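Numbering (this note's numbering), first residue to last: 1 to 189. Glycine included, every Cβ here is placed at the ideal spot set by N, Cα and C. Note that the structure is predicted; figures quoted are calculated from it, not measured. A short worksheet on the structure shown next.
Shown next as structure tokens:
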């Protein structure tokens, strides 16, 4: 397994015995390099069966401000703040995130993404639903649409025990978004 780390390290995975290869991916240049290396060398050589991107949420936060908005400011410092993205910068960011997800999903390998949790209002019920945190109107739904499986990590109370345990929920619920396109996974893992 390869973990593309955009989220400050994988110490918790290592604490549980993970032996995954970890590559820091904190900017788009590095993400491009990793993608090309996977496509041209690592996948054809059979080095990995899984690639995980941890997390798209923090990658998007970083690159929107540290790359896209900063580049716009440097090109036009009189009109563009280095700290406040314009609508143009947001659109560049959203399109780039969608392109990256499609590129990695299209590779002949198992590919997963972790996200921070976000909320969204269900337009039909006006209830809050937990979704993967992706900046931009409709972005969470768009990115989830590119993925075959979307799970929601939750702390679940186990009957007869006082403590909760982490479980991944794969069936949609009015309170969270989940998806199993092939209906191949159990509802809870």
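Item, Value
"When you compare only the Cα positions, how much space is there between residue 97 and residue 14?", "28 Å"
"Is it true that the CB of residue 94 sits closer than 8 Å to the CB of residue 131?", "no"
"If the criterion is Cβ atoms closer than 8 Å, does the pair residue 5 and residue 22 meet it?", "yes"
"Would you report the Cα separation of residue 20 and residue 11, rounded to the nearest angstrom?", "11 Å"
"At what residues does the beta strand (DSSP E) containing residue 165 begin and finish?", "164 to 169"
"Keeping to the same chain, check which residues put their C-beta closer than 7 Å to that of residue 39; ignore five residues upstream and five downstream.", "107"
"So, at 7 Å on beta carbons, what are the nonlocal neighbours of residue 151 in its own chain, with the 5 sequence-adjacent residues on each side left out?", "168, 169, 170 and 178"
"Between the segment 53 to 69 and the segment 82 to 89, do three or more beta carbon pairs fall short of 8 Å?", "yes"
"Could you give the DSSP three-state label for residue 69: helix, strand or coil?", "helix"
"Assuming residue 50 is part of the beta strand (DSSP E), what are its boundary residues?", "50 to 54"
"Leaving out five residues on either side along the sequence, give the residues of the same chain with a beta carbon under 6 Å from the beta carbon of residue 57.", "115, 116 and 133"
"Excluding five sequence neighbours on each side, which residues of the same chain lie with their C-beta closer than 7 Å to the C-beta of residue 128?", "119 and 121"
"Rounded to the nearest angstrom, what separates residue 175 and residue 113 at their Cα positions?", "21 Å"
"What's the C-alpha gap between residue 47 and residue 2?", "9 Å"
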